[in-house]
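In the working numbering, the protein residues as written are 30 to 140.
Printed below as a string of structure tokens:
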């Protein structure tokens, strides 16, 4: 976050929302934590791709009435993707809450 923000707490809440709703890690990156933001975005994008790659081939089988078991390789890929995405999302949640705490501290110190 820049030092010229009129309301750094509102900006931090916007960054948290960006992290959780738009793209995992984007709010962290924009908030100045570049390395953490890039890692979170990588987890989010990789997790999304793995999830889609895993579930994509299973959809026709579900509609055909085939039984899907966890032994299926595609299902394992999908679950791994959800785990990777979840790690990135939770990490971006924690980073976003840290940005809010930092903004509140900065606002309190400036009074």
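All C-beta atoms in this analysis are idealised placements derived from N, C-alpha and C, irrespective of residue type, glycine included.
Buried or exposed by the 16-neighbour rule on C-beta atoms within 10 Å, applied to residue i
{"i": "residue 134", "result": "exposed"}
{"i": "residue 67", "result": "exposed"}
{"i": "residue 106", "result": "buried"}
{"i": "residue 137", "result": "exposed"}
{"i": "residue 61", "result": "exposed"}
{"i": "residue 102", "result": "exposed"}
{"i": "residue 130", "result": "exposed"}
{"i": "residue 157", "result": "Since the first and last residues shown for the chain are 30 and 140, residue 157 lies out of range."}
{"i": "residue 82", "result": "exposed"}
{"i": "residue 99", "result": "exposed"}
Alpha helix (DSSP H) segment containing residue i, residue limits
{"i": "residue 74", "result": "63–84"}
{"i": "residue 49", "result": "No alpha helix (DSSP H) contains residue 49, which DSSP labels as neither H nor E."}
{"i": "residue 99", "result": "Element bounds for residue 99: n/a, residue is neither H nor E."}
Reduced DSSP category for residue i - H, G, I as helix; E, B as strand; rest coil
{"i": "residue 109", "result": "helix"}
{"i": "residue 140", "result": "coil"}
{"i": "residue 128", "result": "helix"}
{"i": "residue 35", "result": "coil"}
{"i": "residue 93", "result": "coil"}
{"i": "residue 56", "result": "helix"}
Rounded Cβ spacing between residue i and residue j (contact assumed at less than 8 Å)
{"i": "residue 139", "j": "residue 65", "result": "Their Cβ separation, rounded to whole angstroms, is 25 Å, which puts residue 139 and residue 65 out of contact at 8 Å."}
{"i": "residue 46", "j": "residue 70", "result": "Rounded, the Cβ-Cβ distance is 16 Å, inconsistent with contact."}
{"i": "residue 85", "j": "residue 117", "result": "Their Cβ separation, rounded to whole angstroms, is 20 Å, which puts residue 85 and residue 117 out of contact at 8 Å."}
Quick test of the definition: if touching needs 3 or more C-beta pairs under 8 Å, does the segment 80–93 touch the segment 35–48? no
With three or more beta-carbon pairs closer than 8 Å as the criterion, would you say the segment 73–82 touches the segment 97–113? yes
Does the segment 48–64 come into contact with the segment 116–131, if we say contact requires no fewer than three beta-carbon pairs (one atom in each stretch) closer than 8 Å?
yes
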